[in-house]
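Colleague: Sharing a structure, written as structure tokens. Questions coming.
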Amino acid sequence: MPPSPPPPVGTAAIKHLVGGGAFERGRRYQAGGHVLGWTWDRAARRLKGTVEGSARRPYECEVRFHVNGVGRYTVSSTECSCPVGAYCKHVVAVLLDAQQDATRDEGSAETASGTSAPWRGWMRRVVAAPARVPGAEGAEPELALGIQVRERAEGTVLQAKPVRRTQKGTWSKSNDVTWDSVRPGWGYGLGRDVVGRADRRVRSWFADLGDLAGTPYGSGAWRDLGAFGRLLWPLLAEAGELGVPVVGVRRGDEVRVASSSDLALDVLRADAAPGLRVVTSVRFDGEEPGQGSETGALNEHGLFAVTPLGGSRRRITLGPTPDPLTDTQLDALAMPELDVPERDVPEFLTDYYPRLRSRVTVRAADDLELPEAARPVLVCTAVFSGPDRAVVSWSWEYGTGVLARRHAVGDGGGTELRDVAAEARIAAEASAVVRRSAKFAGFRLVRRHEVGGLAVLELGTEVLPALDVLAEVRVETHERPDYTELSDAPVVSVTAGESGDMDWFDLGVAVSVDGREVPLPLLLAALTRGDDRVVLPDGAWLRTDHPSLDRLRELVAEAVRLSDRPGELRLSRYNAGLWGDLTEVADVVEQSESWRRSAEGLLALASGAGDLPDPATEVPLPTGLKAELRPYQRHGYAWLTFLAEHGLGGILADDMGLGKTVQTLAFLARAREGLGSDPRREPGEKPFLVVAPASVVGNWVAEAQRFTPDLRVVALASTPGRLRTSVPEVAVDADVVVTSYAIFRLAHDGFREVDWSGLVLDEAQFAKNHATRTNEVARLLRAPFKLAITGTPLENNLMELWAMLAIVAPGLYRSAGRFREDYVRLVESGARDPELAEEADRAVARLRGRIRPLLLRRTKEQVAPELPERQEQTLSVDLHATHRAVYDRHLQRERSRMLGLLDDFDTNRIAIFRSLTILRRLALDASLVDPAYEGVPSAKLDVLAEQLVEVAAEGHRALVFSQFTSFLGLARERLAAEGVATEYLDGSTTRRTEVIQRFKEGEAPVFLISLKAGGFGVNLTEADYVYLLDPWWNPATEAQAVDRTHRIGQTRNVMVFRMVSAGTIEEKVMALKERKAKLFDAVMNDDGGAFTGGLNVDDIRGLLEEA
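Just so you know, full-length UniProt numbering puts 755 at position 755 of the sequence shown, and the rest follows in order with no gaps.
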């Protein structure tokens, strides 16, 4: 079966593909038999054809197809070896010929093979060709390309059209020969003899030439040669091969087609007067056309010249340019001869000649030497107004001397006279150099920059020197400072002088380098910003990476925060730790004598060395002391004495049970004896005031009678109004007045009427809230010495510590807001954000360093290793099934309620804590919430009763603590039912001392105590078992309770049991308590730890999370 023909392509599709003009010319080519043959390759989807054109060799065409989604063939691309290259008349001829063959009868020989046989086309061509050889001797060409010169308003142009030879042998320029009439297959307008004699290839050549100019069919018009485009020149070159002459139609005109042409500007010496002459010169094949030639351009692709030869004769020369003519060259071609006067020669040579050279060929006469082209120079002008301010301007400069020309960067004017490409290159190179400096990483070259701060230093020391090295950049500076690096190590000097205020000293800090003083505000500002350098007013500069400078910044900032006068550097006498840090940084230290004594003493306390008195030798015990102090108690007594002698206060924060009271009584006795030789106080001498919880007031009196019987101690247990007396009357004959916090608060005006020697706050956690009236009264009371006694200087948050410091060491941290900002918020943030943990650690370490001289804390493990062992155990108690159901039901209700209230925690605080209390009561005994649940068994009471029966049977005694007196009542009833005797103490107990003494001396094995009433201030070493019935989120409160029995005087091991109801809020409280214990350790001890604050929204959310 014969191969299938090529796919059909309709005439409409072909016309759409190539355009109407190319289609019509291709149709005539196919009809005239120009298609020599074609082949169809179905596998490759490719149609190839050979077409006879105007060239000696036929053109090869190729049409490629693709198949669309419905299996239909469409043309994807075409290619042809003719000058047009694709989508030309030759492609059209092949497509039409293939379509025509495809529609012939199947029996024809051509379709049987599947191709249009190439041999037939070639045979037709060979037999149809004339027997003569084109250009052979004796053969006169019938057709020629006529050239004529036309003058127009815009200048001279050359025109062309086909012409035929007349009978006289001349060339006719009449319109009887048209662009169409010479086409193959056409002959209209020509005699049949001319058409017959004209070679088919000649006519094809004219057709191709006419196509270049886009001549309309039937047109006999002359066409401008410039319209033929650059393809004109290959066709003119073929004209000679085909024997087609190019002739002038005007009598006497001759035409020469050159192979090349070029244009140049010749610079000559002027003839008539000194100066220069600039002449446009056109050459063809390297030769000038001749004297008096008129020149012009054929659009952008060629040049021509019309040269007079004498008489009416003239020569028309035309030729292609190697490259398209530029606008500059076309303007130069139209330019007349120019005379440059001698006075303007420098301007021409400087401003114009260099630019001309970059745009057009310029030739100088042999006797004339032209300068090299002026290159652009980037000028950087820096005007300094001090070491930290400068304005930088950028401009381009051409030429030198008086003829130098400048253009601001970004100014687009005069670009026709500038080397824009060179400017771009230089700008890129200079910008890259500038960006190497850190402060100029984002630099962009613009006309003007304002530079400030450290960037000015980099400008003067890095950027400008680097630019100055570049060959095509010039740097100009005005008022540039002498940027000299001070490379020696900085010398830090600190001074502390008298200020006229007994609690404050003036602080002076100075830094010098290489003998130059560095202004402190300037240095601190640079360090605060994190600048790596600081510039002095005279331009000298130094690096800030010296370790002492960064530390100095922290310390001075701390001093500013602690100063009582904003903006001034002053030191409180309580800030000896800060002074010590400053002296470690400083190279030179100057201080007044009074500051030296105070500061060095406190620093000695902080370090545990130096001028701290030896308790055994330098601070003898008072003669009236009836107690033998342990070594650590002697040390505490000496520490208290030292503080008082220096007018300083402090916090005695020993562990519970280490004898803080006896240490204080020893100090008070020493203070009284130190006033005179007679141990009895003289009239007018100032007493001490001791404020303690009401439950402990009696204990103070008893302890004083026991250990310091010579001290006259008076208890003020009721308000002076009820006693019908006044505070001064009570204090007049007393060495020590002991009162409760409530009376101290209520009768504060009376206490302020007395001139006290000192104030002692026992169980000072009662004043831990700085917003309370108690704390305010303690702060306002005037006394040269104030002491806070507490085993828990902070329980919930750091503000509790500030509240105590504000009483005993005013000025150490003058502002609660500043303390909260510097420490509390930072520490709390460190707990939530691991990225801030390190900064929080440093803040806590800084805080510890400041308070160390004023706070003395010893633990039992440190100073009383002889104490018997204390074992602690958590007893997890499972609720009974009925109890569990009740608890879970209430838990869901209270949890939903509280979670809805937490968004406004401050407003709903009371309601939230009420719900928490309900859940805590439910975890103990359901009847504590609703009497209707009295029948619900309490597993915690069952376990407690079971254990205490056994404890009592074995001869042990136990303390039982609870937050809830109602639950203590249920425990007392249950133990009574089990036959276990008990003593009971809560806040409502009126004869507190009798109850305590009855347990100490009696036989009852169990003492039931409310945590608030009996968790402090009592010594119950008779017991060796402790039961905590309900956990509290304040670990210090629990620790105080346990220390009622685990303290000095205990001879037996102490067992501590914490009873926790499993799966209840009590487990969450235990976790919260552990976090708060870590806060205490972090500040009071040196081993750091986790950080947290008081009971806040996040804490409560944690309590409500489901297990």
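Cβ coordinates follow ideal geometry from the N, Cα and C atoms, glycine included.
Counting beta carbon pairs with one atom in the region 285-292 and one in the region 343-362, are three or more of them shorter than 8 Å?
Modeller: Flag = no, the region 343-362 and the region 285-292 do not touch.
Colleague: Using the rule of at least 16 other Cβ atoms within 10 Å of the residue's Cβ for burial, across every protein chain shown, is residue 113 buried or exposed?
Modeller: The predicted position of residue 113 is uncertain, since its pLDDT is 39 and thus under 50; a value taken from the coordinates is nonetheless stated next. Exposed.
Colleague: Along the beta strand (DSSP E) that carries residue 245, what are the first and last residues, could you check?
Modeller: It is not in any beta strand (DSSP E) - residue 245 carries neither H nor E in the DSSP assignment.
Colleague: Taking the beta strand (DSSP E) that residue 668 belongs to, which residues open and close that run?
Modeller: Taken as a continuous stretch (DSSP letters only), residue 668 belongs to no beta strand (DSSP E), being part of the alpha helix (DSSP H) at 660-673.
Colleague: With distances taken between CB atoms, is the gap from residue 243 to residue 156 smaller than 8 Å?
Modeller: Going by C-beta atoms, residue 243 is not nearer than 8 Å to residue 156.
Colleague: Within the continuous beta strand (DSSP E) that includes residue 396, where are the two ends?
Modeller: Start and end: 389-398.
Colleague: Could you check the C-alpha separation between residue 725 and residue 781 for me, to the nearest Å?
Modeller: In a straight line, the C-alpha of residue 725 is about 20 Å away from that of residue 781.
Colleague: Report back the beta-carbon spacing between residue 526 and residue 544 to the nearest angstrom; my notes put them in contact at under 8 Å.
Modeller: About 6 Å; that satisfies the 8 Å criterion.
Colleague: How would you write the range of the alpha helix (DSSP H) that residue 456 sits in, first residue to last?
Modeller: Looking at the DSSP string, the run of the alpha helix (DSSP H) that includes residue 456 is 454-458.
Colleague: For residue 1050, report the span of its alpha helix (DSSP H) as first-last.
Modeller: It is not in any alpha helix (DSSP H) - residue 1050 carries neither H nor E in the DSSP assignment.
Colleague: Give me the Cβ distance between residue 918 and residue 929, rounded to the nearest whole Å; I'm assuming they're in contact under 8 Å.
Modeller: That belief holds up - the Cβ atoms of residue 918 and residue 929 are roughly 6 Å apart, short of 8 Å.
Colleague: Can you check DSSP and say which residues form a bridge with residue 48?
Modeller: For residue 48, which the question treats as bridged, DSSP gives the partners 39 and 62.
Colleague: In whole angstroms, what is the alpha-carbon distance linking residue 546 and residue 453?
Modeller: Taking the straight line joining both Cα atoms gives about 20 Å.
Colleague: Would you please state the rounded distance, in angstroms, between the beta carbons of residue 916 and residue 938? I believe it to be under 8 Å.
Modeller: The pair is not a contact, with the Cβ atoms about 20 Å apart (cut-off 8 Å).
Colleague: Could you compute how far the alpha carbon of residue 960 sits from the alpha carbon of residue 551?
Modeller: Those two C-alpha atoms are separated by around 52 Å.
Colleague: Which runs of the alpha helix (DSSP H) fall wholly inside the region 755-780 and span at least 4 residues, in chain order?
Modeller: Qualifying alpha helix (DSSP H) stretches, in chain order: 773-780.
Colleague: In whole angstroms, what is the alpha-carbon distance linking residue 1044 and residue 1009?
Modeller: Cα-Cα distance, rounded: 11 Å.
Colleague: Is the Cβ-Cβ distance between residue 321 and residue 262 less than 8 Å?
Modeller: Yes, these two residues count as a Cβ contact at 8 Å.
Colleague: Between the alpha carbons of residue 411 and residue 494, how many angstroms are there, rounded?
Modeller: Cα-Cα distance, rounded: 57 Å.
Colleague: Closer than 8 Å, CB to CB, is residue 1043 near chain B or not?
Modeller: This model lacks chain B altogether; it includes just one protein chain.
Colleague: If we call anything under 8 Å between Cβ atoms a contact, is residue 736 one with residue 713?
Modeller: Yes, the pair counts as a contact, with Cβ atoms nearer than the cut-off.
Colleague: Tell me whether residue 1110 is buried or exposed, calling it buried when 16 or more other Cβ atoms sit within 10 Å of its Cβ.
Modeller: Because the chain spans 1 through 1107 in this model, residue 1110 falls outside it and cannot be assessed.
Colleague: Can you look up residue 689 in the DSSP assignment and give me helix, strand or coil?
Modeller: Three-state result, residue 689: strand.
Colleague: Quick one: residues in its chain with C-beta nearer than 6 Å to the C-beta of residue 867, no 5 flanking neighbours on either side, listed in chain order?
Modeller: Excluding sequence neighbours, residue 867 sits near 860.
Colleague: For the beta strand (DSSP E) that contains residue 294, what are its first and last residues?
Modeller: 294-298 is the extent of the beta strand (DSSP E) around residue 294.
Colleague: Near residue 1038, what residues of its chain come up, given a Cβ to Cβ distance below 7 Å and the 5 sequence neighbours on each side ignored?
Modeller: Excluding positions up to five away in sequence, the list reads 1028 and 1032.
Colleague: Span of the beta strand (DSSP E) holding residue 144?
Modeller: First-last of the beta strand (DSSP E) with residue 144: 143-152.
Colleague: Kindly give me the distance between the Cβ atoms of residue 247 and residue 144, rounded to whole angstroms, as I take these residues to be in contact under 8 Å.
Modeller: Between residue 144 and residue 247 the Cβ distance is about 5 Å, and since that is below 8 Å, they are a contact.
Colleague: Using the three-state DSSP reduction, which class does residue 463 fall into: helix, strand or coil?
Modeller: Three-state DSSP puts residue 463 in a helix.
Colleague: As a quick exercise: from 429, 492, 474 and 172, pick the residue whose alpha carbon is nearest that of residue 377.
Modeller: Per the Cα distances, 474.
Colleague: Which term fits residue 53, buried or exposed, when burial requires 16 or more other beta carbons within 10 angstroms of its beta carbon?
Modeller: Looking at its Cβ environment, which holds 16 or more other Cβ atoms inside 10 Å, residue 53 is buried.
Colleague: Could you pull out every residue in the same chain whose Cβ sits closer than 6 Å to the Cβ of residue 969, ignoring the five residues on either side in sequence?
Modeller: Nothing listed; no residue qualifies.
Colleague: Spatial neighbours of residue 9 within its chain, please: CB distance less than 7 Å, with the 5 preceding and 5 following residues excluded, ordered by chain position.
Modeller: Answer for residue 9: 75, 95 and 99, listed in chain order.
Colleague: Would you kindly work out how many angstroms separate the C-alpha atoms of residue 383 and residue 448, rounded to a whole number?
Modeller: Cα to Cα, residue 383 sits roughly 11 Å from residue 448.
Colleague: Where does residue 786 sit, in a helix, a strand or coil, going by DSSP?
Modeller: Here residue 786 sits in strand by DSSP.
Colleague: Pull up the distance between the alpha-carbon of residue 97 and that of residue 13, whole angstroms please.
Modeller: Their Cα atoms are separated by approximately 15 Å.
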